[in-house]
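Trainee:
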Amino acid sequence: MLIAIGSNLKSLKLKEHLKVHLLQMGYYPIDCGDAVEHSSVSQLVGLTVARGEAERGILICDTGVGMAMAINKMAGVQAAICYDEYSAERAATSGAQILTFGSQLVGPATAARLLDSWLTYQPLNERAMRRVAKLNVVGI
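All residue numbers for the sequence shown refer to our numbering, where the first residue is 175 and numbers rise by one.
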């Protein structure tokens, strides 16, 4: 599975840690870079996922909030902020194709564990698919 990944400059260390972890787990990270501004790197990760060039994406900033706000403006992709295993599971079962982390809030070992939870859970059941379809309607 191809997974797009990007971060702000302050979160570069966590991004590099997660890239190694993904490779160890048999996934293939696509490094979409790091930037000072959330919008440039989040847009690149979002487009990579929206175009089908990667199945999922990961965005990392100080809190995860800025990246989530930036990417959730893009049509056709949904991102979820993840801080614990329950939020990782719910992100997967709710159809979030992109996970955001806060490098100032989640350490490398925790981020890797949450990433594993998100990748392990089945993405959508029928009910969740209907909710995601409604989110993809223009204007919502």
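Note that beta-carbon positions come from the ideal geometry of N, C-alpha and C, so glycine has one too.
1) As an exercise, report each continuous beta strand (DSSP E) stretch of at least 3 residues that is fully enclosed by the region 224-264, in chain order.
2) Given a threshold of 16 other Cβ atoms within 10 Å of its Cβ, counted over all protein chains shown, does residue 197 qualify as buried or as exposed?
3) For residue 234 and residue 190, what's the separation of their Cα atoms in angstroms?
4) Label residue 280 either buried or exposed according to how many other C-beta atoms from any shown protein chain fall within 10 Å of its C-beta, with 16 as the threshold for buried.
5) Report the three-state DSSP secondary structure of residue 220 (helix, strand or coil).
6) Quick check: residue 262 and residue 291, are their CB atoms within less than 9 Å of each other?
Mentor: The answer reads as follows:
1) The region 224-264 is shown to contain whole beta strand (DSSP E) runs of 3 or more residues at 230-235 and 253-255, in chain order.
2) Here residue 197 is taken as the residue at index 23 of the sequence shown, counted from 1. Burial call: exposed.
3) Within the sequence shown, numbered from 1, the residue matching residue 234 stands at position 60. Within the sequence shown, numbered from 1, the residue matching residue 190 stands at position 16. Rounded to whole angstroms, residue 234 to residue 190 spans 11 Å at the Cα level.
4) Along the sequence shown, one-based indexing puts residue 280 at 106. With a 10 Å radius around the Cβ and a threshold of 16 neighbouring Cβ atoms, residue 280 comes out buried.
5) Here residue 220 corresponds to residue number 46 of the sequence shown, with the count starting at 1. Looking at residue 220 - three-state DSSP - the assignment turns out to be helix.
6) To locate residue 262, count along the sequence shown from 1; it is residue 88. To locate residue 291, count along the sequence shown from 1; it is residue 117. Contact flag set, yes.
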